[in-house]
Structures are given as structure tokens and as C-alpha cells.
Amino acid sequence: MKSAPLVVVIQFPGSNCEYETSRAVQNSGMDSCIYRWNQWQELKDSLPDAYVLPGGFSFQDRVRAGAVAAKEKIMDLVFSEAAGGKPVLGICNGAQILVESGMVPGWERGRIESALAANHISGRSGYLSRWIFLHVAAKARKICPWLGRTGTGILPLPIAHAEGRFVFSEENRYRASNSAALKYCDEKGTETSDYPANPNGSFLNLAGIMNDRGNVLAMMPHPERAYWLWQLPPYLPGEWGDRRDQSLHSGSYASTKGPGSLFFTSLADYFRGER
Amino acid sequence: MGNISIVVSLKAPDPAAMTAMSTFRRIYPETCPDSLERYDYWCFLNPCLGRETVSGIVSRYHDIVNPNKQIWSFIDEFSKLVDRSDDRMVWIDVLVTDRIDSVSENWTAILRRNNCEVEGVLCSVLWRFGFTSGISFDNARNRVLDLTVSTYRDHGLLANPISQKIDLPAPLRI
Numbered sequence: 003m004k005s006a007p008l009v010v011v012i013q014f015p016g017s018n019c020e021y022e023t024s025r026a027v028q029n030s031g032m033d034s035c036i037y038r039w040n041q042w043q044e045l046k047d048s049l050p051d052a053y054v055l056p057g058g059f060s061f062q063d064r065v066r067a068g069a070v071a072a073k074e075k076i077m078d079l080v081f082s083e084a085a086g087g088k089p090v091l092g093i094c095n096g097a098q099i100l101v102e103s104g105m106v107p108g109w110e111r112g113r114i115e116s117a118l119a120a121n122h123i124s125g126r127s128g129y130l131s132r133w134i135f136l137h138v139a140a141k142a143r144k145i146c147p148w149l150g151r152t153g154t155g156i157l158p159l160p161i162a163h164a165e166g167r168f169v170f171s172e173e174n175r176y177r178a179s180n181s182a183a184l185k186y187c188d189e190k191g192t193e194t195s196d197y198p199a200n201p202n203g204s205f206l207n208l209a210g211i212m213n214d215r216g217n218v219l220a221m222m223p224h225p226e227r228a229y230w231l232w233q234l235p236p237y238l239p240g241e242w243g244d245r246r247d248q249s250l251h252s253g254s255y256a257s258t259k260g261p262g263s264l265f266f267t268s269l270a271d272y273f274r275g276e277r
Numbered sequence: 051m052g053n054i055s056i057v058v059s060l061k062a063p064d065p066a067a068m069t070a071m072s073t074f075r076r077i078y079p080e081t082c083p084d085s086l087e088r089y090d091y092w093c094f095l096n097p098c099l100g101r102e103t104v105s106g107i108v109s110r111y112h113d114i115v116n117p118n119k120q121i122w123s124f125i126d127e128f129s130k131l132v133d134r135s136d137d138r139m140v141w142i143d144v145l146v147t148d149r150i151d152s153v154s155e156n157w158t159a160i161l162r163r164n165n166c167e168v169e170g171v172l173c174s175v176l177w178r179f180g181f182t183s184g185i186s187f188d189n190a191r192n193r194v195l196d197l198t199v200s201t202y203r204d205h206g207l208l209a210n211p212i213s214q215k216i217d218l219p220a221p222l223r224i
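Shown next, in the form of C-alpha cells:
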């Protein structure tokens, strides 16, 4: 019998964030186990309560980021579990896998209705690693198990990707706003499509999208890399930067949770029935 | 004179092509191609452009062709890259291009800034599907479209049509 909800983290060849993601889950009061992509039977037998696809470079981003992993057999299981309502989170490369699997936005079952295209920033191309700010859409806070605790504030999180620009077909552009979960903004909370607030040219400043039911969330920023306040850089403006400075002076720097923890504690709350 | 295209290949076997091929074998065992090749495809736009200009660009900018690990040829001299002296396969080519592409835009800016007589650059990926004889050209072409265009989780692999264009140019003469 399980003492706590089990959140499994799926490691594909080339994933590289599975251990810190698993620790973030455990530090939030849940159990976590890492399964490799070819351990689908063992994973199924463990009766997970939720799934996380971590960041990294599954299959070395060959062909297109997330495209090959999306065709793996283990994704059949994740797909059917998500259809049954279990929470699924894809972080960065995990988000690319969810998009290529058609699990988000998920308007038509299994249909690929969006893309995470190469960053489009004037004057530069390729990989971008920096801290960004985002806010959580009100609807998403209500229906997404990963976002219940995130509140109305501005959250600083790191991004690190070359292909993170959410794109939709022309006919689905209106519909896309209903799938918005996380949106890039500046440190004051103002949305703008300009760099660096929107770091990759993403449509509608989208940093994360969800399915209609809200149980599947694909996000490009890395919450597990901002789980503790000590992970925040010293130059960060805003509320979380102030919190970081205060904890540094009060001696609680190493043990105080940061903005990324809210995504995982939201899920713990969800399983406790506190939302 | 006119737009000039080049293809760039790794000297070693292309790992992306190998991964794509093994994925095809797994998910489409009945219809997967017998051979799959991948090339970088660069099109330099300028109606007055000469081959010497393109050769100069390629030899100057090692981000386009890294001579340590890559080889290249003009598109109409493609046979220099491959040895198909006894080839009876049906080959279908697919060009996959990002609809919005920072790489192309930035290379256009770089080359214009350096007075390279180039009006624009388009970067694509060229996939070449090979089928053993016994399949008609039209059938092979339809099969390639099915394999390439990713519309559902269990349908297609090489291009996401939401963000990428898919073209089937006339087959390269080899």
C-alpha cells in the first residue's frame, strides 16, 4: 500500500533532468521513482498517480526535439493514463514530447495541433539559457493540478532551449488562448512579445499550455531548477529576488523553497484533496 | 546564373537518419523505406549569383560546411557525394523547411553585411527515401508523404506541418 502518491519520472535516452525533478517531487511530500523509456511494464505495474517527462535532449533531439520519444511505446501508456485524468507534466524536452504526442492542446484525440518551433529572436538563433518571468492564467490555476498553489504573482524560472516557440495553425489561433497555462511577462507582470520578456517569440507569449481538462501541462521553463531560493541568481528583481536576499540574511537561505516548488506542492495539495 | 543550392553531408553516417530509420522500422514495419539519407540543404538566393561566389561563401564560413566533418556539392553535382553506380532504387526527395527560421534570417543578414552578393539564404533539411524496385514512383511518393508529415501521434515523423513546410522537389539526378 502506498504511503504517498507516486509520481514517476520517465527517462528517455538523452534526458538529463530526471534526478533533480524526482528530488523536487520527493521534497514536496510525494514518492517518486525514475523509470527508463523501455521499462513500460515495470512502470505500469507500479501504479503511478502522476507522470513527469523531464528536460533534456531525448534521442539527442534527432529529427526534431521530442518527435522520436513521442513515438515510443511508453507514451501509449502515458497517453491512456492522461485520458483517464491522471496528472502529466512535461518540462522543456518533456513539453516537446507532449506536443509531438498530441497530448496538448489535445483538442482532437492524438492529433498534433501545435509545435514547439525553433526560437525566433532577431539577431540570434539557437540555444538560449536565461531567467524569465511568467504568470499563471487564472483558468489554469483552477483546473490544472500542477498550478493550484502558484497564485497571482510573478514567478521567475530558468529556461534553456533552442526549440521553445509555441506555434499553432492559423485556424486554431483563437482556440490557443483557451489552452494558455503559463505566459511570459516582464518582472512587473506586463506581457510583451518583445525579447527578453518573451524570450523565443512564442505565440501569445505562451510559456506553457494545457489540455482542456487541465491534467496535462507542457511547460518550457524548468521549475525543478528553481525549487530552492538558493538556486535563484543574485541579480533577480521582484518579490522572489527580495525573498532570496532576506533569506540570505536570516540564515534560512539553504532551506527555503523557491518559486519552482509551487508546481510540485500544488500537485501534493491536489492529491490531499486540498483544492 | 540564378538561385544556387548546395547539399551538405556528414562524412560519417548521419545519426539523425539512422534514428529516423530505426523509428520507421518500429512504427511502420510494412511501409518503411529501404534506405533513408539526410542532408543539410542551403539555397542562396540571387538571380545574378555565380558558383564562384557560393564556393567562396562555403569555404569562408565553416558554420555552413565544417570541412573537418562534412562534405558538400552543388545540387546538380550531387553524385559527387554518393556512389550509386549500381543503384536500381526508386528515390524520393523531401525538403523540410521551418516556416519561420532564425537561421536563414541570420545568415542572410551576415552575408549581406559582408557584401556577399546574396539576397537571401534558405536552410532546409533534405531527406532522401530509397525504395527497392517494384514500387511505382507515384506509390513511393505517397508513401513518403505518409511517413514524413506528422499529423497524429501515430502518423508521420519527419516534419510537423504546424511549423514546417514540406516540399517534394523533382528528384535529384544521380
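Taken in sequence, the protein lines are chains A and B.
Going by the numbering used here, the first sequence opens with residue 3, and the numbers climb by one from there.
Going by the numbering used here, the second sequence opens with residue 51, and the numbers climb by one from there.
Beta carbons are placed, not taken as given, at the ideal position from N, Cα and C, and that holds for glycine.
- Rounded to whole angstroms, Gln214 (chain B) and Leu172 (chain B) show a C-alpha spacing of 13 Å.
- At a cut-off of 8 Å, the C-beta of Ile93 (chain A) has no neighbouring C-beta in chain B.
- If you draw a 10 Å sphere on the C-beta of His224 (chain A), you find 16 or more other C-beta atoms in it, and that means buried.
- Taking the CA atoms as reference points, Ser48 (chain A) sits about 29 Å from Lys144 (chain A).
- For Glu87 (chain B), the three-state secondary structure derived from DSSP is strand.
- Contact note: Gly125 (chain A) reaches chain B through Asn156, Ala159, using a C-beta cutoff of 8 Å and chain order.
- Annotated three-state conformation of Pro225 (chain A) is helix, per DSSP.
- Between Ala162 (chain A) and chain B, the shortest Cβ-Cβ separation is not below 8 Å.
- The contact set of Lys73 (chain A) on chain B, defined by CB atoms closer than 8 Å, consists of Thr73, Arg76, Ile77, Arg203, Asp204, Leu207 in chain order.
- Shown here, Thr201 (chain B) sits in coil according to DSSP, grouped into three states, outside any helix or strand.
- Non-local beta-carbon contacts of Ala97 (chain A) in its own chain, meaning distances under 6 Å to residues more than five positions away in sequence, involve Ala220, Met221, Met222 in chain order.
- When C-alpha distances from Pro160 (chain A) are compared across A:Gly153, A:Ala139, A:Val218, A:Ile93, the shortest belongs to A:Ile93.
- Rounded to whole angstroms, the gap between the alpha carbons of Phe74 (chain B) and Cys82 (chain B) is 6 Å.
- Distance from the Cα of Lys259 (chain A) is smallest, within the candidate group A:Ala6, A:Ser30, A:Pro7, for A:Ser30.
- Pairing Pro50 (chain A) with Thr23 (chain A) gives a Cβ-Cβ distance that is not under 8 Å.
- Residue burial annotation: Cys98 (chain B) is exposed, with fewer than 16 other C-beta atoms found within 10 angstroms of its C-beta.
- Contacts with chain B at 8 Å (Cβ-Cβ) include Arg64 (chain A).
- Taking the Cα of Val54 (chain A) as reference, the smallest distance to any Cα among A:Val11, A:Lys88, A:Ala72, A:Ser204 is reached at A:Val11.
- In terms of Cβ geometry, Val146 (chain B) and Leu95 (chain B) do not form a close pair [threshold 8 Å].
- In the DSSP assignment, Gln13 (chain A) falls within the beta strand (DSSP E) that extends over 8 to 13.
- When DSSP states are grouped into helix, strand and coil, His251 (chain A) belongs to the helix group.
- The Cβ atoms of Leu269 (chain A) and Trp133 (chain A) lie no closer than 8 Å to each other.
- Bridge partners of Lys141 (chain A) according to DSSP: none are assigned.
- If you draw a 10 Å sphere on the C-beta of Ala199 (chain A), you find 16 or more other C-beta atoms in it, and that means buried.
- Not flagged as an interface residue toward chain A: Asn164 (chain B), since no C-beta distance is shorter than 8 Å.
- Residues of the same chain with a CB within less than 7 Å of the CB of Phe81 (chain A), apart from the 5 flanking positions on each side, are Ser103, Met105 in chain order.
- Here Glu74 (chain A) is buried. Its C-beta has 16 or more other C-beta atoms within 10 Å.
- Annotation for Thr194 (chain A): no beta strand (DSSP E) segment contains it, and DSSP assigns it neither H nor E.
- With its beta carbon at least 8 Å from every one in chain A, Ile121 (chain B) lies outside the interface.
- Under a criterion of Cβ atoms nearer than 8 Å, no residue of chain A is adjacent to Ile142 (chain B); the nearest Cβ is some 17 Å distant.
- Asp217 (chain B) sits in a strand when the DSSP states are folded into three classes.
- In the structure shown, Trp133 (chain A) falls within a strand segment according to DSSP collapsed to helix, strand and coil.
- Looking at the backbone, the Cα of Asp90 (chain B) and that of Ser263 (chain A) are separated by about 42 Å.
- In the DSSP secondary-structure assignment, Phe179 (chain B) is bridged to B:Leu86, B:Ile142.
- Contact between Arg245 (chain A) and Leu231 (chain A) holds, with the beta-carbon distance rounding to 6 Å and staying under 8 Å.
- Under the DSSP assignment, Gly210 (chain A) falls in the beta strand (DSSP E) whose first and last residues are 208 to 212.
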